[in-house]
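Chains as they are written, first to last, in our numbering: chain A, 23 to 239; chain B, 23 to 239; chain C, 23 to 239; chain D, 23 to 239.
From the three backbone atoms N, C-alpha and C, an ideal C-beta is built for every residue, glycine too.
There are 4 protein chains.
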Amino acid sequence: MIGIDDEDFVRGKVPMTKREIRILTLANANIGVNDYIVDVGAGTGSISIEAALIATGGHIFALERNSDAIHLIKQNAERFSVKNISIINAEAPDGLHLIPRIDVAIIGGSGGFLQEILQAIDAKLKTGGRIVMNFITVQSLAMCLNWFKNHTDYKYSAIQVQINRLKNLGFYDMAEAINPVHIVTAKKICQCQMSNLVNFSDAKSKFTHIIRSFVQD
Amino acid sequence: MIGIDDEDFVRGKVPMTKREIRILTLANANIGVNDYIVDVGAGTGSISIEAALIATGGHIFALERNSDAIHLIKQNAERFSVKNISIINAEAPDGLHLIPRIDVAIIGGSGGFLQEILQAIDAKLKTGGRIVMNFITVQSLAMCLNWFKNHTDYKYSAIQVQINRLKNLGFYDMAEAINPVHIVTAKKICQCQMSNLVNFSDAKSKFTHIIRSFVQD
Amino acid sequence: MIGIDDEDFVRGKVPMTKREIRILTLANANIGVNDYIVDVGAGTGSISIEAALIATGGHIFALERNSDAIHLIKQNAERFSVKNISIINAEAPDGLHLIPRIDVAIIGGSGGFLQEILQAIDAKLKTGGRIVMNFITVQSLAMCLNWFKNHTDYKYSAIQVQINRLKNLGFYDMAEAINPVHIVTAKKICQCQMSNLVNFSDAKSKFTHIIRSFVQD
Amino acid sequence: MIGIDDEDFVRGKVPMTKREIRILTLANANIGVNDYIVDVGAGTGSISIEAALIATGGHIFALERNSDAIHLIKQNAERFSVKNISIINAEAPDGLHLIPRIDVAIIGGSGGFLQEILQAIDAKLKTGGRIVMNFITVQSLAMCLNWFKNHTDYKYSAIQVQINRLKNLGFYDMAEAINPVHIVTAKKICQCQMSNLVNFSDAKSKFTHIIRSFVQD
């Protein structure tokens, strides 16, 4: 199961994906036991660790530019006895060319290079693979949605998640807000199927998303 | 107009009703120029000040138990040249017997005595008067809703308000959450009208809320 | 006071700015008694009506492309005896050249022409004037924020508002969500002051926003 | 992995726990492969089905009072080839005496009998077991929190989850709100340990929650 408590990770001052966001991100990644996964902007490694505990027959590539964070990822991997992980100290898209073909990409931070990162991931992602992204700024979210609108071999969905934690104060419980996060999830659809779209009206019902994008272009 | 910026008030360490909550609270209070108003748990006085600036022909009674806060209310009253205000250093319901008949009661904090406060306010509130309350705990909110369900001479409505402020970070804007607040607004309906409910079906459409409560009892 | 109940307006099938969003929008517009105001995408006219009731010595120009909506605005103006309103059946930015210099612009709908509308409004807006905009899509919001980042004679702030209304179900009260709205508020700062920025460090503290933008360009 | 799409379930008119709430509920339940689980107010069976797919060596007891819903649970169990499920057409707490000792209880609906249900579940729940509850009304939430404050052999936490789904409208993505849900999660702590609390200051650090409750009583 997923959902390790935030306090169970070694943290330091590096911002960490909160448990509820982590759970929804991992669920959307739909990770299989043998999946190869890249975690871009791994931070404390909380997502990488949980992904590694699911993909026990696969491997996680955790990319992170901050060397303090790199140290935390190592500590957390040790704490949870995770061995199927490679920690890469690089600022994406740098470092992404080093990894093999992947089933899942998770983007926690893009540091202003979202489009370059998506392009580099696209080159590595298998058909049927998933990209799950967390955004805390309007601009990154908008850029991301735009990218997927222009890449019709992906089907995307997006949600905003706002969590309030009830803080126990004796008789009372007080709502404390966590900053909201947008989660965008995209699945790479088989492109070969697209060339088979002979019967337009049949295809329309099955591949509405793709078709609509064609029509819009 | 309402909606003074949070930074324009003298604040100290006393928690202040955030601008957006203040605006919605004041709008629901539907303050008239000559209204008499009590502000229970006045804190920094931000709501009292804005109410006083609307009810220029009326008067505000600001109740607050914390003496540090009392000092802040005075400073804010001076800063905004508000003279139609009486500041009462007491823990409600204490002090509420001192005030005259009122048109509006605003409850920002109830310190565990919500029912006693509502009873004391009820004794002072004119027919047609409004009570607007802010809650940050589940228990106070539930207690409040329960009180109004048992006092069918009031018509109440309630909302939860969650505000995220976009923080400007150069090219980016990042959403920062403010703790959510429930606002309950209750209006005292004329009781004398209730005895005149001869024609049930006519009354039903006009006073559905009252009727339903009768049926439920 | 502001905050007419949603049900008190004639509505039809035209989408209406919900009461809580309307209140916060009007509060941010900081409307004066003699203000000239344009309401772009006026819809049912709910915002125009409330603005007109405040600016009794000013005038409202309500632009709306949908002729069904135009009819509703007229009905609502009559219902609330509002006479200081001109209803213009046009799709903005068309029609904006017809109006005089304004103090306030409210944009409820931009129909894909946000940049053109902002440019047209900018040409009419007095120094010190306010533009308040509501957005329900990521893309319009991002476009708006981008526009104001490139127009440093404006100071903007933005919030996301999420309201849950508690629906009374006998003993229970159930939270019902209203779709979230982003409200962006921009104030036109005096441009003449900008040329006087001789002392950089002094200016920095006073006009951080402007300076930062300069530095970024 | 968890997180079947809402559309993949047979639904009818029975309200269904939305995917995001389902994921967080299941993650909090921390279901093991051999767990015995009861799902009270199973509705369409979406949670029961996902729980059954995790606890392949365990068993799910799905309680539901509505016979239309019972039919849907059966159809969904067939659709996902789930065999480790017993569907019980009863209104909880009725029916709860029929089930064996359990590791996990999930409460999606309590129909006004929350306290009786919690008492019946408490009698069946193993030490270390989890109860995860979803609430859409203020009153049920408050009742639940109150119950756990009075049962100090449980450690509880609670969150409010508000999800906005971005609806793809061509170039635009529009936020659509889903009604917020509170999720309360409680874990049954070993009672036998409580009698061993000889060294108060040692115990204090380890069992703060329990101690605090003692002190408060």
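Asked, Found
"Residues from the segment 139-167 of chain C in contact with chain D, defined by Cβ distance under 9 Å", "Ile158, Thr159, Val160, Gln161 and Ser162"
"Contact set between Gln184 of chain A and chain C, taken where Cβ atoms lie within less than 8 Å", "Gln184"
"Proximity test, Cβ basis, 8 Å: Leu136 of chain B and chain E", "Of the chains in the structure shown, none is chain E; the protein chains are A, B, C and D."
"Per DSSP, the bridge partner or partners of Ser108 of chain C", "C:Phe83"
"Per-residue contacts from Met23 of chain D into chain C (C-beta, under 8 Å)", "What Met23 of chain D touches in chain C: nothing, since even the nearest Cβ is about 27 Å away."
"Nonlocal neighbours in the same chain, by C-beta distance under 7 Å from Leu75 of chain A, ignoring five residues either side", "Phe102 and Val104"
"Coil, strand or helix - Ile185 of chain A by DSSP", "strand"
"Helix, strand or coil at Asp195 of chain C according to DSSP, with G and I counted as helix", "strand"
"Any C-beta of chain D under 8 Å from that of Pro37 of chain C", "no"
"Interface residues of the segment 194-210 of chain A facing chain D [CB-CB below 7 Å]", "Asp195 and Ala197"
"Closer than 8 Å at the beta carbon, the chain A residues around Asn50 of chain D", "Gly25"
"Separation of Val203 of chain B from Ile24 of chain C, as counted between CA atoms", "20 Å"
"Distance between Thr78 of chain A and Phe170 of chain A (C-alpha atoms, nearest Å)", "30 Å"
"Contact set for Ile185 of chain B: own chain, Cβ-Cβ below 6 Å, skip 5 residues either direction", "Glu42 and Ile200"
"Spatial distance of Lys96 of chain A from Glu86 of chain A (CA atoms)", "12 Å"
"First and last residue of the uninterrupted alpha helix (DSSP H) at Ala77 of chain B", "Per DSSP, Ala77 of chain B belongs to no alpha helix (DSSP H) and is neither H nor E."
"Contiguous alpha helix (DSSP H) assignments of at least 4 residues, all confined to the segment 125-157 of chain C", "136-146"
"Top-ranked residue by Cα proximity to Asn52 of chain C, from B:Asp27, B:Leu167, B:His173 and B:Met155", "B:Asp27"
"Cβ-heavy atom distance, Ala84 of chain C to the ligand GDP, below 7 Å", "Although the ligand GDP was asked about, the structure shown includes no ligands whatsoever."
"Beta carbon of Val126 of chain A nearer than 8 Å to that of Ile59 of chain A", "yes"
"Rounded C-alpha distance that separates Asp144 of chain C from Ala208 of chain C", "11 Å"
"Outcome for Asn50 of chain A when other beta-carbon atoms lying within 10 angstroms are tallied against a minimum of 16", "buried"
"Where the beta strand (DSSP E) through Lys209 of chain A begins and ends", "Val203 to Lys210"
"CB contact flag (Gly131 of chain D, Asn106 of chain D, <8 Å)", "no"
"Local Cβ density within 10 Å of Thr66 of chain C, reported as buried at 16 or more and exposed below that", "buried"
"Glu13 of chain C to Leu120 of chain A span [Cα, whole Å]", "Residue 13 of chain C cannot be examined here, being either before or after the span of chain C that is shown, 23 to 239."
"Contact belief for Ile139 of chain B with Val62 of chain B at Cβ below 8 Å, rounded distance in angstroms", "6 Å"
"Alpha-carbon spacing of Phe135 of chain A relative to Ile211 of chain C, whole angstroms", "33 Å"
"Presumed contact (8 Å Cβ cut-off) between Val206 of chain B and Met155 of chain B, rounded CB distance", "5 Å"
"Neighbourhood of Lys148 of chain B by C-beta distance below 8 Å, restricted to the same chain and skipping five residues each side", "Arg123, Ile124, Asp125 and Lys210"
"Neighbour flag for Leu75 of chain B against chain A, beta carbons, 8 Å", "no"
"Cβ-Cβ separation, Leu48 of chain A to Ala73 of chain A (assumed contact under 8 Å), whole Å", "7 Å"
"Closest by C-alpha distance to Asn190 of chain A, when choosing among D:Val183, D:Gly117, D:Leu167 and D:Lys189", "D:Leu167"
"Cβ-based neighbour list, Ser70 of chain C, same chain, cut-off 7 Å, excluding 5 preceding and 5 following", "Asp61, Ala64, Ile82, Ala84, Ile95 and Ile107"
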